[in-house]
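Remarks on the structure that follows.
In my numbering, the protein residues as written are 1 to 1092.
In structure tokens form, the structure reads like this:
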């Protein structure tokens, strides 16, 4: 009776394994008020071992559910289970979790309006795990889930519900709620049915409900008759909609029939067009062959022209041959003149060696003459010097003779003493001068070293200052690039790109330039930023243009935006919208990527530019330098790889390495803030170093100034000492020169004078001889020079004879060029003529092919050739006239194909609609018949269920000696129940409102047990059913429920009660789960199980 699943008797005759005693037997053996029941203990002990196989609850576990951190796991028995515990111990939480986990709504539990209210305060989610038995014939997918199905529910703080449906082994099978619905349908589990699960709130409402309509609704909902009625109402509504639709389709069917008859009339009137169509077909056949004949006529003049051109080819051949002979004649004449010129040149070459010999001889005589002139001048100078010596020596001899008589002996002694004193002072002064010289050298060396150190520091300071300026500019760029990454490539870049965009919008650029290229690429691995930046260098700031016109426009834009300073490079290359295919020349060496593979480039134009300019597909990126050297300089370097870069920017070739000067990436680094902090630290360090340089410069300036002062003082002191020593030396020299001469000193002087006189005589003779030899050499030189000039004149004469020959050779050469030009002209005309013949041949061939194609098409229209005398134009005119006539006729009647199509379409629509109407009418009749049958069955089923409910209700009341009646008013949808405690013949029946609380609770239990007897479900749940009963009614109600349970071993019963249940009889089918009293300091609860 589930609304989600219905099974016919033929499909599954046995819904579940039934116990040995069937319901009918229960009905017969149900004790009445006049019979005494056998003892309950004996009945429970003798109960069979038949248990439910599918759908019963084996266990349940709660975590962070409602106010409990942990409840369970609770292992339920297969028949009767009592969950006992004081208020707050978690009984209702177990029942609420069972309803929610098996798909029930939150408001159906009467414990909350939404699922998020079930999550414990302070926790993010709540978990419920239920294990359902999955055995027997009604097992659901036993090959997948096994003997049990585990339903795990998680409820989040936001109120979201997620399921995990697991097999017995714990493997997740599904997470969809649709799968859970299929499982519940298969087991006929109805958690929203109050007969299957009667919550505490529903029980109170039911007990206190005084309306007969509420009891009737309870009965209808419990038996699912209410669902059946709602289904019937829905079917009836659908039927009325279908009837309305059929009425609408009836009107449409009439309209379709009218259109069909109209189209049929037009279809029958089409026969008059057939004759015109036949004539049109005949004319089209004639037209096809008329076109063939005209094309054949067009081919004839082409053949004649081709034959004429072939005949005139011989004239061009004669002209070419004529000028070819003229060329040969001119070249022969040119060769003769050239041979004559070569003979004259040979004569000149033969005279050249002798001319060179004469020139060398004259040069030799000239050299000898110049050498002899030097000798004459030397002798003349020596002679003049000897004359001077002779005069001086004569004067010296005369002076000595005069001094001998003037100098006395006393003066000689005083002069000797003075000379000794001067000599001593002079030695002391020389030592002092030497010491001062050493000091000067030391001071000069110290100054030079200080100045060299100062120059080195000044150079380093200048380099450092430039680096500081560059870092300051980079820092400014980085800070401005926080909001715009484009400013990394220069402050002018945003303005330049705006200018480019505006120029492209105005149409000044054919293709919008791309750039800067570094802005249009990104790195897949940020660690390779420095390597890629060192690899691409200046190309990161470059722009690329499609053509030179766009390049000039871009240059003018750069001149406006960047008036001074270095401007970006412009690369001009044709734009392609797809990336070059580099598979044949790219390097592929996993795990190391190429530069192309390491970059993300969305624009193929940018990728192609970098491939063309830098070859990025052939450059590897290897982070470790040692590994890069091992890969590149090993025995088998990667194929197609030209070089590799390490992550530090080092370049590694097959046979050499280069270390990068750049230490950090300026354009491609990803973390701008880190780059800014690094630049700030580096600028601070550089400024500190610049301060230290300035201090060192100041100290060196002081050292140089001090050494310069000492050097100047020492130099002044040395000059003073040297002046004094010079004076002493002069005085000593004067004293030495004034020494008294002896008479015997005159003899050597006189001898020297005689020797000089002899040398003068000898040197004069040598001088005269040299002059004579010089005159002879001069005559020989003049003779050799004369011979050389005469021979040179002879060569010039021969060379002059060659000038007219050269002029004639030039004219002959021009004649050759003229002949070649004419031959070339006729060659070109001949080639053009032959090309024209080839074109005519090709046109002829093409025309023949067109004729062949036209013949093929004509044969398709008319297989037999037709000889047509009419022209294609006249045939075409007649065809057009006939087509116009047919068109006029068709406009009146419509296009034939369109009319035929519309006729068949109208016929098909009419038939389809008529068939659809027939099917709908048949469906409505069948639906009426079936609905009448099912409504009758529904009424019978309601009557039977009402009768069985009355019977079971009376039987249950009789167990305590009560009498009562249950009256169903199906028309007014009311259910009145009357109960009279005691014997029925002693008092009249009373309404339940007049009963005490315990009696009313007992009556309610009897009503619930009656509903149990007429409904199907794998388990039943009751929450605090005995809350308003006294001890006697509670014991009787309990005995009744246990008796029912012992007779329905295939069902599971779960009773929740605050009573201790210590008076229950011992039985294997009863299991008591005792919950501990709530610990307000610790919400975790445990349970104790008792099998009795």
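All C-beta atoms, glycine included, are put in the ideal place defined by N, C-alpha and C. Keep in mind it's a predicted model, so treat the numbers as computed, not measured.
Worksheet item: Got a sec, what are the start and stop residues for the beta strand (DSSP E) residue 142 sits in?
Response: Unbroken run through residue 142 is the alpha helix (DSSP H), 142-145; no beta strand (DSSP E).
Worksheet item: Who are the near neighbours of residue 750 in its chain, counting only those whose CB is closer than 8 angstroms to its CB and skipping five residues on each side?
Response: 397
Worksheet entry | Cα-Cα separation, residue 809 to residue 353 | 27 angstroms
Discussion item. Residues in the same chain with beta-carbon distance under 8 angstroms from residue 766, minus the five sequence neighbours each way, listed in chain order, please.
Written reply: 379
Practice prompt. Label residue 220 either buried or exposed according to how many other C-beta atoms from any shown protein chain fall within 10 Å of its C-beta, with 16 as the threshold for buried.
Written response: buried
Worksheet item: Can you give the Cα-Cα distance for residue 143 and residue 134, rounded to whole angstroms?
Response: Per the coordinates, the alpha-carbon of residue 143 lies some 10 angstroms from the alpha-carbon of residue 134.
Discussion item. Just verifying my parser: in three-state terms, what is the DSSP assignment at residue 949?
Written reply: helix
Worksheet item: Is residue 194 closer than 8 angstroms to residue 222 when the C-beta atoms are compared?
Response: yes
Fill in: Own chain residues within Cβ distance below 7 angstroms of residue 863, not counting five before or after
none
Worksheet entry | Residue from 920, 1013 and 908 with nearest C-alpha to residue 950 | Nearest of 920, 1013 and 908 to residue 950, Cα basis: 1013.
Discussion item. So the candidates are 212, 224 and 159; which of them puts its Cα closest to the Cα of residue 190?
Written reply: 224
Practice prompt. Tell me residue 125's beta-bridge partners as DSSP assigns them.
Written response: 156
Worksheet item: Which one of 265, 906, 625 and 376 has the shortest CA to CA distance from residue 775?
Response: 376
Discussion item. So if DSSP puts residue 1052 in a beta bridge, which residue, or which two residues, is it bridged to?
Written reply: When beta bridges are read from the DSSP output, residue 1052 appears opposite 1019.
Worksheet item: Counting pairs of beta carbons, one from the region 811-824 and one from the region 316-335, are three or more of them closer than 8 angstroms?
Response: yes
Item to complete: Measure the CB-CB distance between residue 598 and residue 525 and report whether it falls below 8 angstroms.
Response: yes
Worksheet item: Rounded to whole angstroms, how far is the Cβ of residue 980 from the Cβ of residue 967, which I believe are closer than 8 angstroms?
Response: Incorrect: roughly 14 angstroms between the Cβ atoms, too far for contact.
Practice prompt. List the endpoints of the continuous beta strand (DSSP E) containing residue 58.
Written response: Counting along the chain, the unbroken beta strand (DSSP E) around residue 58 starts and ends at 54-65.
Discussion item. When you compare the region 829-843 with the region 329-344, are there three or more beta-carbon pairs, one atom per stretch, that lie closer than 8 angstroms?
Written reply: Too few Cβ pairs lie closer than 8 angstroms, so no.
Worksheet item: Distance, Cα to Cα, residue 580 vs residue 546?
Response: 16 angstroms
Discussion item. Are the CB atoms of residue 1040 and residue 959 within a distance shorter than 8 angstroms?
Written reply: yes
Worksheet item: In this structure, does DSSP put residue 1078 in helix, strand or coil?
Response: coil
Discussion item. Going by beta-carbon coordinates alone, are residue 1057 and residue 82 separated by less than 8 angstroms?
Written reply: yes
Practice prompt. Go to residue 963, then tell me how far its beta strand (DSSP E) extends in each direction, as first and last residue.
Written response: 963-969
Worksheet item: Given residue 49, which residues of its chain have a CB within under 7 angstroms of its CB, disregarding the five upstream and five downstream residues?
Response: Caution applies to residue 49, whose pLDDT of 48 falls short of 50 and renders its modelled position unreliable; the value that the coordinates give is listed next. Excluding residues up to 5 positions away in sequence, nothing lies with its Cβ nearer than 7 angstroms to the Cβ of residue 49 in the same chain.
Worksheet entry | Assigned secondary structure, residue 667 (DSSP; H/G/I helix, E/B strand, else coil) | coil
Fill in: Classification of residue 716 by the beta-carbon crowding that lies within 10 angstroms, buried from 16 upward
exposed
Practice prompt. Output the distance between the C-alpha atoms of residue 699 and residue 713, rounded to the nearest integer angstrom.
Written response: 22 angstroms
Worksheet entry | Nearest-angstrom Cα separation, counted from residue 634 out to residue 652 | The C-alpha of residue 652 lies about 12 angstroms from the C-alpha of residue 634.
Discussion item. Could you tell me the alpha carbon to alpha carbon distance between residue 721 and residue 708, rounded to whole angstroms?
Written reply: 20 angstroms
Worksheet item: Exposed or buried, what is residue 130 when buried is set at 16 or more other beta-carbons lying within 10 Å of its beta-carbon?
Response: buried
Discussion item. If I follow the unbroken beta strand (DSSP E) through residue 974, where does it start and stop?
Written reply: 974-980
Discussion item. Once DSSP output is grouped into helix, strand and coil, what is the label at residue 161?
Written reply: strand
Discussion item. In whole angstroms, give me the CA-to-CA distance for residue 1070 and residue 1021.
Written reply: 15 angstroms
Discussion item. Looking only at its chain, what residues have a beta carbon closer than 7 angstroms to the beta carbon of residue 1078, apart from the 5 residues adjacent to it on each side?
Written reply: 88 and 89
Practice prompt. Give a yes or no on whether the C-beta atoms belonging to residue 287 and residue 882 are separated by under 8 angstroms.
Written response: no
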